[in-house]
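Have a look at the structure below before the remarks.
2 protein chains.
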Amino acid sequence: MDKPATIKDIAKKLNISISTVSRAIRNASDVNSDTKKAVMALSEELNYQPNRLALSLRQKQTHTIGVIVPNLDYVLSMMVKGIDEVALEAGYTVMVCQSNESFGREIVNTRRLLDSLVDGFIISVSSETKSFEHFKKIQERNIPMVVFDRVTPHLVAPSVHLDNENGGFIATEHLLEQGYKRIAILAGPKNLGISNSRMDGYLSALKKYKIKKDNELIVHCDFNQDYAYFATLELLAMKKRPDAIFTISDRMAIGAMLAIKEKGLKMPHDIGLIGFNNEPVVSLLTPQISSVDMSSFEIGKAAAKLFIETMHNNGDMPAEEQIMKPRLVIRESSQKKLPAAGKL
Amino acid sequence: MDKPATIKDIAKKLNISISTVSRAIRNASDVNSDTKKAVMALSEELNYQPNRLALSLRQKQTHTIGVIVPNLDYVLSMMVKGIDEVALEAGYTVMVCQSNESFGREIVNTRRLLDSLVDGFIISVSSETKSFEHFKKIQERNIPMVVFDRVTPHLVAPSVHLDNENGGFIATEHLLEQGYKRIAILAGPKNLGISNSRMDGYLSALKKYKIKKDNELIVHCDFNQDYAYFATLELLAMKKRPDAIFTISDRMAIGAMLAIKEKGLKMPHDIGLIGFNNEPVVSLLTPQISSVDMSSFEIGKAAAKLFIETMHNNGDMPAEEQIMKPRLVIRESSQKKLPAAGKL
DNA sequence: ATCGGTACCGATAACGTTACCGGCAACGCT
DNA sequence: AGCGTTGCCGGTAACGTTATCGGTACCGAT
Numbered sequence: 029m030d031k032p033a034t035i036k037d038i039a040k041k042l043n044i045s046i047s048t049v050s051r052a053i054r055n056a057s058d059v060n061s062d063t064k065k066a067v068m069a070l071s072e073e074l075n076y077q078p079n080r081l082a083l084s085l086r087q088k089q090t091h092t093i094g095v096i097v098p099n100l101d102y103v104l105s106m107m108v109k110g111i112d113e114v115a116l117e118a119g120y121t122v123m124v125c126q127s128n129e130s131f132g133r134e135i136v137n138t139r140r141l142l143d144s145l146v147d148g149f150i151i152s153v154s155s156e157t158k159s160f161e162h163f164k165k166i167q168e169r170n171i172p173m174v175v176f177d178r179v180t181p182h183l184v185a186p187s188v189h190l191d192n193e194n195g196g197f198i199a200t201e202h203l204l205e206q207g208y209k210r211i212a213i214l215a216g217p218k219n220l221g222i223s224n225s226r227m228d229g230y231l232s233a234l235k236k237y238k239i240k241k242d243n244e245l246i247v248h249c250d251f252n253q254d255y256a257y258f259a260t261l262e263l264l265a266m267k268k269r270p271d272a273i274f275t276i277s278d279r280m281a282i283g284a285m286l287a288i289k290e291k292g293l294k295m296p297h298d299i300g301l302i303g304f305n306n307e308p309v310v311s312l313l314t315p316q317i318s319s320v321d322m323s324s325f326e327i328g329k330a331a332a333k334l335f336i337e338t339m340h341n342n343g344d345m346p347a348e349e350q351i352m353k354p355r356l357v358i359r360e361s362s363q364k365k366l367p368a369a370g371k372l
Numbered sequence: 029m030d031k032p033a034t035i036k037d038i039a040k041k042l043n044i045s046i047s048t049v050s051r052a053i054r055n056a057s058d059v060n061s062d063t064k065k066a067v068m069a070l071s072e073e074l075n076y077q078p079n080r081l082a083l084s085l086r087q088k089q090t091h092t093i094g095v096i097v098p099n100l101d102y103v104l105s106m107m108v109k110g111i112d113e114v115a116l117e118a119g120y121t122v123m124v125c126q127s128n129e130s131f132g133r134e135i136v137n138t139r140r141l142l143d144s145l146v147d148g149f150i151i152s153v154s155s156e157t158k159s160f161e162h163f164k165k166i167q168e169r170n171i172p173m174v175v176f177d178r179v180t181p182h183l184v185a186p187s188v189h190l191d192n193e194n195g196g197f198i199a200t201e202h203l204l205e206q207g208y209k210r211i212a213i214l215a216g217p218k219n220l221g222i223s224n225s226r227m228d229g230y231l232s233a234l235k236k237y238k239i240k241k242d243n244e245l246i247v248h249c250d251f252n253q254d255y256a257y258f259a260t261l262e263l264l265a266m267k268k269r270p271d272a273i274f275t276i277s278d279r280m281a282i283g284a285m286l287a288i289k290e291k292g293l294k295m296p297h298d299i300g301l302i303g304f305n306n307e308p309v310v311s312l313l314t315p316q317i318s319s320v321d322m323s324s325f326e327i328g329k330a331a332a333k334l335f336i337e338t339m340h341n342n343g344d345m346p347a348e349e350q351i352m353k354p355r356l357v358i359r360e361s362s363q364k365k366l367p368a369a370g371k372l
């Protein structure tokens, strides 16, 4: 009993044809209940498992979803967990590939998944990606594809993402309501859609409060803690330094916090700070950092559900766009008006 | 041009047999260089991609590795990244499945991967798992399997993991050297190997310093922040409360920290604290928490390399065990003797 | 007796690929 | 002239499965 059993083995042992075995196992009609029982019993005994490869080859689908993400940080790993949950339920297996924010890796990954013959893709695009040919190739082949979280206007597909503009808006408005006047934004790379949307929200909040946009207060830097740290140091070195900072990710907020502390400034008094994502870590810091929350897990689930829908209606469906609402979580770092109850 | 091209299409267009095309594409001998060129040209033009399903069915390997992890927290996602890196390089695609620390999910996942016909497994076992039949089934089928990080004596297989005992030892010894006398340990579930090893290290450090083991100071609790918080509250409510706590994960250290702060105790003066994993977050807290570092990324890489080795020597190899060394990172939370330079 | 229907089953081709075997021509050598 | 060798190529089976078609046997009704 080394090699796994096949329907052929069962057929031979039972002296019936493989066709009958196949039917019996799929519990199809047109097969005597006695033979069905016999087949079932034997296949149990031999621990028969249908060979998915053969099956997939035959019916041209693998029941596998290719998931491409730029990394597996807190937010994305929550989303992937959501995808996993729904996909597993629906009988799909997922293959997760990290592009490491690299354009090249992203291409290699799509290529790999494509010729692993996944049934479709759920994608969050890397921050480095400016050309979308590799993804368009997927669509040309009529393979279902859903994008989530990091969407881009250059890629028209069913999508699930946060209302990033609104997120940027409520964060900025909150700072304004707290009395901050010179609000800087630490944005991501210029071609990163989520960053731009959050910045749009920032700008429209400024406009609502009749505050002129100041290009010196708009800083683009790489999507990580170290760059944010240095960028903040520069901001704080300005003659007229900002009195609040909105960073488009919590990682960046942490970088900013380190710079602020180093300069000896106190939050929220000397300077306000608010991040984005509401990672658990920000509530552990001193002071606790305010942030814009999104339900990553739900976004993941929604993406998987949308994928399965798209899969079924194979293509003849408008590219649905699901937009989730962010939620403001106010903590110490931005709360100047109502002083926090405890320390500080 | 809807369906992808096959060698059959190429053969027909070129009026040669599929055998020849197959040989030409694999760049085999026994084929005229002119025909080879023609085939190459046409396959380029038709954008021919070999069908991996058919290939896999034929040669009974999928070039896919099934990776099963309990979750995708910081440590494991770093390890997975390491696995990814090496596997990709070696031409393998990885399928990552999260068991969510659930025994049931783990079984479902192995089952899924098994009949997705992965070439082998790289596994970190869930904390809930007490029976290993599902993994032994893999071995019985002679399918390569490497375990990493969370290993267990119940599963004999090539493995890569940290020297957890040594990690527990150096953490505890450090606390002792700092002058702490009543050191509690917050351990994980009783059947979790890494937890037990770290505890063994803890015990042998106590023994070295001739301190009697006190069962009241040994607390098993679930592997997460909330449980650690409550467990710490209980510890601190003792008549003779501990003057230091060693937690076997940083998550738990954070829970402990919250409890300590709530009780109004100061680290490192009133109580010492040291965690495990050296997640970036612990250096951001106030006070910064000491921790035992391991190079997760390297462990992941090593696991993948070991897998590939195992794969090649198919089975006739002793079950190699690679043990990585931990590293102590001393920060404010445990440094009583040499007072930290800055605040507090 | 013939017919139609039903219940059950088997043979075959196909999915896309490769391994294996055998064949044919051309060539050089005895 | 006959032989073995070499270079190139094609046919076929096989991997494990299912869809399609057709066949047999039996039953009840005309």
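Quick note, the sequences are listed as chains A and B, same order.
All you need for the working numbering is the position in the first sequence, starting with 1, plus 28.
All you need for the working numbering is the position in the second sequence, starting with 1, plus 28.
Ideal Cβ placement from N, Cα and C applies to all residues, glycine included.
On a predicted model such as this, the values are computed, not experimentally measured, just so you know.
In this structure, how does DSSP classify A/His297 when only helix, strand and coil are distinguished? coil
Tell me the start and end of each unbroken alpha helix (DSSP H) in the region 259-314 of chain A that is at least 4 residues and wholly inside, in chain order. 278-290
Cβ of A/Ser57 within 8 Å of any chain B Cβ: no
Select from the region 104-125 of chain B all residues with a C-beta closer than 8 Å to any C-beta belonging to chain A, and list them in chain order. Ser105, Val108, Lys109, Asp112, Leu116, Thr121, Val122, Met123, Val124, Cys125
Count the other CB atoms within 10 Å of the CB of A/Asn305; is the residue buried (16 or more) or exposed (fewer)? buried
Between A/Arg355 and chain B, is any beta-carbon pair separated by less than 8 Å? no
Please look up how many angstroms separate the CB atoms of B/Pro270 and B/Arg210, rounded, as I've assumed it's under 8 Å. 5 Å
Counting only the same chain and skipping the five closest in sequence on each side, list residues whose C-beta sits under 6 Å from that of B/Ser187. Val175, Val179, Glu349
Beta carbon proximity, A/Ile222 to chain B, threshold 8 Å: no
Determine which residues share a DSSP beta bridge with B/Leu85 and list them. Per DSSP, none; premise fails for B/Leu85.
Could you please give the first and the last residue of the uninterrupted alpha helix (DSSP H) stretch that includes A/His91? Element bounds for A/His91: n/a, residue is neither H nor E.
Beta-carbon contacts of A/Leu261 that lie in its chain and below 7 Å, excluding the five residues immediately before and after: Ala287
Counted within 10 angstroms of its Cβ, other Cβ atoms place A/Glu290 as buried (16 or more) or exposed: exposed
Identify the contact partners of B/Thr314 in chain A, using a Cβ-Cβ distance below 7 Å as the criterion. Thr314
Excluding the five sequence neighbours on either side, which residues of its own chain have a C-beta within less than 8 Å of the C-beta of B/Tyr237, listed in chain order? Glu201, Leu204
Residues in the region 177-210 of chain B with C-beta within 7 Å of chain A's C-beta atoms, listed in sequence order? none
Between B/Lys294, B/Thr157, B/Lys41, which has its C-alpha nearest B/Pro315's C-alpha? B/Lys294
Select from B/Gly229, B/Gly207, B/Ile35, B/Met227 the residue whose C-alpha is nearest the C-alpha of B/Lys364. B/Gly207
Under a three-way DSSP split, which group does B/Gln253 fall into? helix
A/His297, buried or exposed, once every other Cβ within 10 Å from all chains shown has been counted against 16: exposed
Which residue's Cα is closest to the Cα of A/Ile276: A/Ile213, A/Leu234, A/Ser232, A/Phe258? A/Ile213
Sub-8 Å separation of A/Met68 and A/Ser324 beta-carbons: no
In whole angstroms, give me the CA-to-CA distance for B/Val122 and A/Ala332. 20 Å
Suppose the cutoff is 6 Å on Cβ atoms and the five residues either side in sequence are ignored; what does the same chain contact list for B/Lys64 look like? Ala52
Along chain A, in chain order, which residues have C-beta atoms closer than 9 Å to that of B/Val97? Per Cβ cutoff of 9 Å: no residues; B/Val97 is ~11 Å from chain A at best.
DSSP state of B/Ile373 mapped onto helix, strand, coil: Any property of residue 373 of chain B remains undetermined from this structure, which presents chain B solely from 29 to 372.
Going by CA-CA distance only, name the one from A/Gln87, A/Asp112, A/Asp101, A/His189 that's closest to A/Gly94. A/Asp112
Evaluate B/Met280 with the Cβ neighbour count: other Cβ atoms within 10 Å of its Cβ, from every protein chain shown; 16 or more gives buried, anything less gives exposed. buried
Spatially closest choice to B/Asp278 from B/Leu312, B/Lys40, B/Ser57, B/Ala233, by CA coordinates: B/Leu312
With the cut-off set at 8 Å, would you say B/Leu145 and B/Ser84 are in Cβ contact? yes
Below 6 Å CB to CB, which residues in the same chain sit around B/Asn192 once its five sequence neighbours on both sides are set aside? Ile222, Ser225, Arg226
If we ignore side chains and look at the alpha-carbon of each, how far apart do A/Arg86 and A/Thr34 end up? 15 Å
Residue(s) in a DSSP beta bridge with B/Arg355: B/Asp321
Consult DSSP for B/Ser361 and reduce its assignment to one of helix, strand or coil. helix
Compare the beta carbon distance of A/Asn219 and A/Lys158 with 8 Å and say whether it is the shorter of the two. yes
For A/Lys329, which option in A/Asn60, A/Leu100, A/Glu117, A/Ile46 has the closest C-alpha, if you only look at C-alpha atoms? A/Glu117
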